[in-house]
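Everything below concerns the one structure shown next.
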Amino acid sequence: MTKRSRYEREQRAAQNEGSKAIGEAWWRAVSPADAEAFVRQVEAARSRPPVVREDMAPGTPPNPPRVVREVRPKKDEPRGRY
Numbered sequence: 004m005t006k007r008s009r010y011e012r013e014q015r016a017a018q019n020e021g022s023k024a025i026g027e028a029w030w031r032a033v034s035p036a037d038a039e040a041f042v043r044q045v046e047a048a049r050s051r052p053p054v055v056r057e058d059m060a061p062g063t064p065p066n067p068p069r070v071v072r073e074v075r076p077k078k079d080e081p082r083g084r085y
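The numbering of the sequence shown is the working numbering, which starts it at 4 and goes up by one.
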């Protein structure tokens with residue numbers, strides 16, 4: 004576990020308070036009907052099981068494919084000095 008300095012802990016606490024304030028302001032700005040619809044959609048999404056891809060072994064994390072660097076094609080004919 005990382006031990007953080009007092010300054011870092013205070014900064015993190017201030018960021019958390021700012022995030023909460025932004026979230027509360029958003030909820031106040033949204034109409035009650037829209038807020039209720041949003042909550043229902045979130046609950047529905049959380050109740051669904053995760054999507055299982057058929058081409059993966061069970062227990063395998065769904066990592067994206069690796070980016071492979073393409074080899075540059077060689078020049079057709081070598082050029083002379085002059």
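Backbone N, C-alpha and C fix where the C-beta goes; we use that ideal spot for every residue, glycine too.
This structure is a prediction, so every number in the text was calculated from the model and none was measured.
- In this structure Pro52 is not in contact with Met59, their Cβ atoms being roughly 15 Å apart against a cut-off of 8 Å.
- When the beta-carbon positions are compared, Ala38 and Trp30 come within less than 8 Å of each other.
- Counting along the chain, Asn66 sits inside no alpha helix (DSSP H), nor does DSSP assign it H or E at all.
- Per the coordinates, the alpha-carbon of Glu46 lies some 44 Å from the alpha-carbon of Glu73.
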